[in-house]
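*Asks:* My structure is below; once you've seen it, I'll send some questions.
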Amino acid sequence: MARVTEIAVREFRTTVLTKAFLLAAIVLPAVFWVLALALPFLLQPSPKPLAGALAVVDVDGRLAAAVVVEFDGERLVRERERRLAEMQRRLQGMLPEPMREMLEKQARSMFEAPAPLVRVETSSDPAAVESFRSRVRAGELLACVRYESSVLSVAEETNRFELFLREGLTRQQVDDLQSALGRAVVSARAATVGLDVAHARAVLAPPVPISTTLRGDGVDVQENQLAKVFVPLAFMLLLWSSVWVTGNYLLTSTIEEKSNRVIEVLLSAVSPLELLAGKVIGQCAVGALMLGMYSGVGLSAASSLGYAHLVPPDKLVYLGIYFLMAFLMVAATMAAIGAAVSELRDAQTLLGPVTIVFTLPLFTWFFVTENPDSTFARVISYIPPMTPFAMVLRVASVESVPGWEIALTSLVGFGGVLGMVWAAARIFRVGILLTGKSATPAELWKWLRRP
Amino acid sequence: MTAAISIRGAEKRFGDRVAVAGLDLEIARGSLCGVLGPNGAGKSTTIRMVLSILYPDRGTVEVLGGSALAAKERIGYLPEERGLYRTMRVGEYLAFIARLKGVPRAGLAARVRGWLERIELGGVEHRRCQELSKGMQQKVQFIAAVVHEPELLILDEPFSGLDPVNAVVLDRLVSELHREGRTILLCTHQMQQAERICDRLVLIHRGRKQLDATLPEIHARFDPRTLAYEPLDAGAALEPELARLPGVQSVHRARDGRGYSLALGEGARPQDLFDLLVRRGPARRIELERVSLEDVFVRVVRSAEGESAAEDARKELEHGKGD
Numbered sequence: 091m092a093r094v095t096e097i098a099v100r101e102f103r104t105t106v107l108t109k110a111f112l113l114a115a116i117v118l119p120a121v122f123w124v125l126a127l128a129l130p131f132l133l134q135p136s137p138k139p140l141a142g143a144l145a146v147v148d149v150d151g152r153l154a155a156a157v158v159v160e161f162d163g164e165r166l167v168r169e170r171e172r173r174l175a176e177m178q179r180r181l182q183g184m185l186p187e188p189m190r191e192m193l194e195k196q197a198r199s200m201f202e203a204p205a206p207l208v209r210v211e212t213s214s215d216p217a218a219v220e221s222f223r224s225r226v227r228a229g230e231l232l233a234c235v236r237y238e239s240s241v242l243s244v245a246e247e248t249n250r251f252e253l254f255l256r257e258g259l260t261r262q263q264v265d266d267l268q269s270a271l272g273r274a275v276v277s278a279r280a281a282t283v284g285l286d287v288a289h290a291r292a293v294l295a296p297p298v299p300i301s302t303t304l305r306g307d308g309v310d311v312q313e314n315q316l317a318k319v320f321v322p323l324a325f326m327l328l329l330w331s332s333v334w335v336t337g338n339y340l341l342t343s344t345i346e347e348k349s350n351r352v353i354e355v356l357l358s359a360v361s362p363l364e365l366l367a368g369k370v371i372g373q374c375a376v377g378a379l380m381l382g383m384y385s386g387v388g389l390s391a392a393s394s395l396g397y398a399h400l401v402p403p404d405k406l407v408y409l410g411i412y413f414l415m416a417f418l419m420v421a422a423t424m425a426a427i428g429a430a431v432s433e434l435r436d437a438q439t440l441l442g443p444v445t446i447v448f449t450l451p452l453f454t455w456f457f458v459t460e461n462p463d464s465t466f467a468r469v470i471s472y473i474p475p476m477t478p479f480a481m482v483l484r485v486a487s488v489e490s491v492p493g494w495e496i497a498l499t500s501l502v503g504f505g506g507v508l509g510m511v512w513a514a515a516r517i518f519r520v521g522i523l524l525t526g527k528s529a530t531p532a533e534l535w536k537w538l539r540r541p
Numbered sequence: 137m138t139a140a141i142s143i144r145g146a147e148k149r150f151g152d153r154v155a156v157a158g159l160d161l162e163i164a165r166g167s168l169c170g171v172l173g174p175n176g177a178g179k180s181t182t183i184r185m186v187l188s189i190l191y192p193d194r195g196t197v198e199v200l201g202g203s204a205l206a207a208k209e210r211i212g213y214l215p216e217e218r219g220l221y222r223t224m225r226v227g228e229y230l231a232f233i234a235r236l237k238g239v240p241r242a243g244l245a246a247r248v249r250g251w252l253e254r255i256e257l258g259g260v261e262h263r264r265c266q267e268l269s270k271g272m273q274q275k276v277q278f279i280a281a282v283v284h285e286p287e288l289l290i291l292d293e294p295f296s297g298l299d300p301v302n303a304v305v306l307d308r309l310v311s312e313l314h315r316e317g318r319t320i321l322l323c324t325h326q327m328q329q330a331e332r333i334c335d336r337l338v339l340i341h342r343g344r345k346q347l348d349a350t351l352p353e354i355h356a357r358f359d360p361r362t363l364a365y366e367p368l369d370a371g372a373a374l375e376p377e378l379a380r381l382p383g384v385q386s387v388h389r390a391r392d393g394r395g396y397s398l399a400l401g402e403g404a405r406p407q408d409l410f411d412l413l414v415r416r417g418p419a420r421r422i423e424l425e426r427v428s429l430e431d432v433f434v435r436v437v438r439s440a441e442g443e444s445a446a447e448d449a450r451k452e453l454e455h456g457k458g459d
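Now the structure itself:
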C-alpha cells in the first residue's frame with residue numbers, strides 16, 4: 091500500500107503543481123467568476139439623453155396633441171416610476187431577496203438616466219413631411235413621425251405609423267421614441283372612446299403568483315422554476331468536467347510514462363496493478379479537488395444569491411458518490427487506452443467512440459431534468475457508463491427519486507465500475523510493456539481473454 | 137547459501153514466438169555474471185521474469201531465496217529502454233524511486249546526495265532531469281537502480297550510449313558494488329566488456345542457454361592452442377620452415393597478412409614452441425592466442441544447432457555491435 095500511496099502522491103503533485111492545472115483549474119474559473127460578478131456592472135448602460143426636436147405630421151390633430159403630452163418631462167418621470175414599480179411587482183415572488191435586490195438596483199440605475207428633452211413641432215399639412223424629412227436628413231430634427239387618421243381606429247391593417255429617424259441615434263433612443271409615439275396613439279384612442287388608460291392597464295395586468303413549497307422538514311421555501319432546471323445541469327457539468335479532465339490527465343501521464351521509458355523502472359518496483367491503482371487514486375484526488383473547488387465557488391454564489399436551499403447537503407453527498415462512480419469508469423477507460431497506445435496521436439482513434447459514450451449524457455440533460463421519472467430517464471440510469479450522469483441529474487432535480495432506485499442504480503453502476511476496472515487492469519498489465527506500436531482491437535480482445 | 141537467481145525450465149511465449157525456451161539458470165550470490173547474446177536472444181525477457189514484470193508460461197523463477205515478486209525491493213534494475221520523468225527534479229525523482237523500493241524517508245535526502253556525489257554528479261539535485269545531458273541522465277538512471285542498495289543488481293546494456301569518460305566511472309562503480317558483495321547480472325551484447333569485468337558468463341541464443349561457465353573454464357574449454365607469430369622479416373614466405381618446427385600441426389598466414397598462426401599438435405607444449413621461435417630470430421610478436429567470446433559463441437551455437445545457425449549467430453552479433 092505504501093508504494094501505491096507514493097505513486098498516488100506523485101501523480102497528484104505532478105498534476106496539480108503545474109502551470110497548466112493552475113491555469114485551467116484555478117485561474118480561469120476564478121477569472122470567469124470575477125467576470126460574472128463584474129459583468130452586470132461593466133454592461134450597465136450609460137444612456138445618452140434624447141434631446142432635440144421631433145416633427146409630427148397629423149391631419150387630425152389629436153395625435154399631435156397626445157405626442158406633446160407624452161414628451162412632457164414630468165409625465166416621463168411618472169411613466170418611468172410606473173414601469174419600475176411594475177418590474178418590482180413582477181420580480182417579487184420570482185426570485186430570492188439577494189438576487190431581486192441586485193436586479194432592482196440595476197433597473198433603478200437604468201431608470202435614473204436623464205429624462206428626454208424633446209421639443210415637438212406639429213403640422214396638419216401632409217405635404218410638410220418632405221420638408222421635415224430634409225431637416226431630419228440635415229440633422230436639425232431628431233425624427234419626423236407621420237400619423238394617418240386611420241391609426242385611431244382599431245383595425246389591424248391601419249395600426250401603424252411612419253417614423254423617419256436621424257442617423258446616429260442609439261438603440262435606446264430609438265426605443266424611447268418609438269414607445270412614446272406608440273403610447274401617444276393609445277392615449278389618443280382612449281380619449282376618443284372615453285377610456286382611462288391607467289385604469290385599463292391596471293385591470294389587464296395579470297396577477298403575480300407567489301408560490302411557496304411546503305417541505306416535509308417543516309421549512310417553507312419559495313421556489314424558482316428556472317433555478318430548478320439549472321441546478322441539475324450545474325451538478326452534471328461539475329461531475330462531467332471534473333471526471334473528464336482528470337481522466338485525460340491519466341491518459342496523458344500513462345502515455346508519457348510509456349514514451350519516456352520510465353515505465354520499466356516503475357514496474358521493477360511495483361506491479362502493474364499497483365501502478366494502475368496509484369495513478370487512479372492520485373487522479374481521483376485531483377478530480378475531488380477540482381470538484382470541491384468548483385462546488386465551493388458554486389455554493390458560495392448560490393448562497394449569496396439566496397439559492398442555497400436548492401443544494402441541500404444530501405444532494406452533495408450524492409454528487410460525491412456519483413463522482414466516484416463516474417471517475418472510476420472514465421479512469422479505467424483512459425488507463426486502458428493509455429496502456430494500449432504508444433503516442434497521444436494513436437490514442438485519438440480509440441478516444442473517439444469513448445468520447446461519444448461519455449458525452450452522450452450531456453445531451454440528455456434537458457429531457458431528464460424536465461421529467462426525471464420518465465421511462466427514458468429510468469432506462470439510462472441502468473446503463474453503467476450513463477448511470478452516474480443520469481442519476482446526478484435525477485437526484486438534483488426537485489422530484490425525489492425513490493431510495494430503492496438509488497440503491498439499485500448504485501449497485502448496477504458500481505458493478506459496471508468493477509467490470510470496467512477488471513477489463514482495464516487486464517489491458518493495462520500487458521499493454522503497459524508494449525512499446526513502439528499501438529494495440530489493435532483484436533489484440534485488446536486477446537489481452538482481455540488472457541488468464 | 138541459496139542462489140541469488142534460480143530459474144528452472146522457464147518458458148515464455150509471445151503469441152507464436154518463443155522468447156525463452158526451457159531455460160535453466162543458477163546465479164550464485166556475490167557473483168558478477170554476464171548474460172550474453174545478440175538482440176532478441178531472450179535476455180530482456182529473462183530479466184523481466186526475474187523482476188516479476190513478466191511471468192513464465194512454464195517453469196519456476198526464484199530470486200534471493202523466494203518468489204520474484206517478494207524480492208522486488210531487494211533488486212536494482214537498470215533497463216535497456218530507460219527513461220526519467222523529464223520535468224521532475226533529479227533529487228525528487230531518485231527519492232521517489234527509492235521510496236518505491238522501500239527506503240525509509242529518514243535520511244533519504246542525504247542518501248541521494250551521497251550517491252550523486254559518488255557518481256560525480258554533485259550539485260544537480262535540484263535540476264530538472266530534462267536539463268541534464270544524456271550522459272548525466274544515464275548516471276541518474278544508474279543511481280535509481282542502486283539507491284536502495286539492492287542485494288541483486290540487474291544491469292541491461294549499462295554502457296550503451298555512454299561516452300568513454302562516463303563509461304569508466306560506471307565501470308568503477310560496478311566493480312565497487314561487486315566488491316561490496318552484491319550479486320550483479322550484466323546483460324550485454326558487448327562481449328569484450330563482459331569478458332573484462334564478469335567472473336562468469338552465460339550465453340543465450342534464441343531463448344536457450346548455450347553456455348554457462350566461468351571465464352577460466354571457457355578459456356580452458358575453448359583454448360585455440362594457437363601461437364601468433366610475427367617475425368621482423370614478415371615479407372618472406374616462412375610457412376614451410378615453420379611447419380617443420382616440432383609440435384606444429386599446421387601453419388596459416390594471419391588474416392592481416394603480417395604474421396602466422398601456428399596450431400599446436402596433440403601433446404605439444406606452447407612454451408617449447410615459444411622458445412624455438414625466440415631462438416629463430418628477432419620477432420615483433422609471439423603470443424599465445426586467446427579465444428574471443430564471439431568465436432566461443434559461434435562455436436557453441438554451431439555444435440548445438442548446426443552450421444547455418446552458427447552463421448546466423450555470427451551475423452546477429454555483427455549486427456548487435458552496431459547498436
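Sequence order for the protein chains is A and B.
Position one of the first sequence corresponds to residue 91 (our numbering), numbered consecutively onward.
Position one of the second sequence corresponds to residue 137 (our numbering), numbered consecutively onward.
Cβ coordinates follow ideal geometry from the N, Cα and C atoms, glycine included.
1. Do PHE64/A and PHE466/A have their C-beta atoms closer together than 8 Å?
2. In chain order, what residues of the same chain have a beta carbon less than 7 Å from the beta carbon of HIS341/B, not counting five sequence neighbours either side?
3. Among GLU176/A, VAL401/A, GLU238/A and ALA110/A, whose alpha-carbon lies nearest the alpha-carbon of ALA295/A?
4. Check the Cβ-Cβ distances between VAL352/A and every residue of chain B, and say whether any is below 8 Å.
5. Which residue's Cα is closest to the Cα of GLN277/B: GLY227/B, ARG415/B and ILE320/B?
6. Between the C-alpha atoms of LEU322/B and ASP292/B, what's the straight-line distance to the nearest angstrom?
7. Please classify CYS86/B: does DSSP put it in a helix, a strand, or coil?
8. Starting from SER218/B, find everything on chain A with Cβ-Cβ shorter than 9 Å and list it in chain order.
9. Helix, strand or coil: which one does DSSP assign to ARG153/B?
10. Please state the DSSP three-state secondary structure of ARG394/B.
11. I want to know whether the region 235–244 of chain B touches the region 297–305 of chain B - three or more CB-CB distances under 8 Å.
12. Can you tell me whether DSSP reads GLN385/B as helix, strand or coil?
13. What does DSSP give as the partner residue(s) for VAL208/A in the beta ladder?
14. From this set, GLU287/B, GLN273/B and GLY243/B, which residue's C-alpha is nearest LEU257/B's C-alpha?
15. How is the beta strand (DSSP E) around ARG194/B delimited, first residue to last?
16. Can the beta-carbon of ALA419/B be found closer than 8 Å to that of PRO367/B?
17. So for ARG420/B, helix, strand or coil by DSSP?
18. Inspect the beta-carbon positions of THR336/A and ALA429/A and report whether they are closer than 8 Å.
19. Based on the DSSP secondary-structure assignment, which residues constitute the bridge partners of PRO367/B?
20. Starting from the N-terminal side, write out each stretch of the beta strand (DSSP E) that is 3 residues or longer and does not extend beyond the region 307–352 of chain B.
21. Is SER358/A close to chain B, meaning its C-beta is less than 8 Å from at least one C-beta of that chain?
22. Identify, in the order they occur along the chain, each residue of the same chain with its Cβ nearer than 6 Å to the Cβ of THR212/A, setting aside the five sequence neighbours on each side.
23. For a contact meaning CB atoms closer than 9 Å, what does TYR365/B contact in chain A?
24. Mind listing the chain B neighbours of GLU96/A? Cutoff is C-beta to C-beta under 9 Å, in chain order.
25. Hey, is LEU107/A's beta-carbon within less than 8 Å of any beta-carbon in chain B?
26. Closer than 9 Å, Cβ to any Cβ of chain A: which residues of the region 186–220 of chain B, in chain order?
27. Using a Cβ cut-off of 7 Å, pull out every chain A residue sitting near ARG222/B, in sequence order please.
28. With a CB to CB cut of under 7 Å and the five nearest residues on each side skipped, what residues in its chain are close to TRP330/A?
29. Can you check whether the C-beta of ALA140/B is within less than 8 Å of a C-beta belonging to chain A?
30. May I ask you to list, following chain order, the residues of the region 278–292 of chain B that have a beta carbon less than 7 Å from some beta carbon of chain A?
31. Just list the beta strand (DSSP E) runs in the region 239–306 of chain A, keeping only unbroken ones of 3 residues or longer that don't cross its boundaries, in chain order.
32. When burial is assigned at 16 or more other CB atoms within 10 Å of the CB, is GLN326/B buried or exposed?
33. What residues match up with THR362/B in a beta bridge as DSSP calls it?
34. With distance defined between alpha-carbon atoms, name the residue in ALA391/A, LEU255/A and PRO492/A nearest to PHE122/A.
35. With DSSP as the reference, label LYS195/A as helix, strand or coil.
*Replies:* In brief:
1. In this structure chain A extends from 91 to 541, so residue 64/A is not present and cannot be described.
2. The answer, listed in chain order, is GLY173, ALA177, VAL437 and ALA449.
3. Among GLU176/A, VAL401/A, GLU238/A and ALA110/A, the Cα nearest to that of ALA295/A belongs to GLU176/A.
4. Answer yes: the Cβ-Cβ gap between VAL352/A and chain B drops below 8 Å somewhere.
5. Residue GLY227/B is the option with its Cα nearest to GLN277/B.
6. Whole-angstrom Cα-Cα distance: 6 Å.
7. Outside the modelled stretch of chain B, which goes from 137 to 459, sits residue 86/B, for which no answer is possible.
8. The residue you asked about is not Ser; residue 218/B is Arg in the sequence shown. The answer, in chain order, is ARG351, VAL352, GLU354 and VAL355.
9. ARG153/B: strand per DSSP, three-state reduction.
10. ARG394/B: coil per DSSP, three-state reduction.
11. Short answer: they don't touch.
12. Residue state, collapsed to three classes: strand.
13. For VAL208/A, which the question treats as bridged, DSSP gives the partners GLY142/A.
14. Looking from the CA of LEU257/B, the closest CA among GLU287/B, GLN273/B and GLY243/B belongs to GLN273/B.
15. It spans 194–199 - the beta strand (DSSP E) in which ARG194/B sits, taken as one unbroken run.
16. It is a contact, given that the beta carbons lie within the stated cut-off.
17. If DSSP states are grouped into helix, strand and coil, ARG420/B belongs with the strands.
18. Taking a C-beta distance under 8 Å as the contact criterion, THR336/A and ALA429/A do not qualify as a contact pair.
19. Partner(s): ALA419/B.
20. If we require 3 residues or more, the beta strand (DSSP E) runs fully inside the region 307–352 of chain B come out as 319–324, 336–341 and 344–350.
21. Cβ-Cβ to chain B under 8 Å: yes for SER358/A.
22. Apart from the 5 residues on each side of it in sequence, THR212/A sits with its Cβ closer than 6 Å to the Cβ of VAL146 and ALA154 in its chain, given in chain order.
23. None at all; the shortest Cβ gap to chain A is about 49 Å.
24. Under the 9 Å cutoff, chain B gives PHE232, ARG235 and LEU236.
25. The C-beta of LEU107/A comes no closer than 8 Å to any C-beta of chain B.
26. Among the residues of the region 186–220 of chain B, those with a Cβ less than 9 Å away from any Cβ of chain A are LEU187, SER188, ILE189, LEU190, LEU205, LYS208, GLU209, ILE211, GLY212, TYR213, LEU214, PRO215, GLU216, GLU217, ARG218, GLY219 and LEU220, in the order of the chain.
27. ASN350, listed in chain order.
28. Excluding positions up to five away in sequence, the list reads LEU452 and PHE479.
29. Contact with chain A is absent for ALA140/B, since none of that chain's Cβ atoms lies less than 8 Å from the residue's Cβ.
30. Those would be ALA280, in chain order.
31. If only uninterrupted beta strand (DSSP E) runs of at least 3 residues are considered, those enclosed by the region 239–306 of chain A are 252–255.
32. Result: buried.
33. DSSP lists ALA399/B as partners of THR362/B.
34. PHE122/A has its Cα closest to that of ALA391/A, out of ALA391/A, LEU255/A and PRO492/A.
35. The answer is helix: DSSP assigns LYS195/A an H, G or I state.
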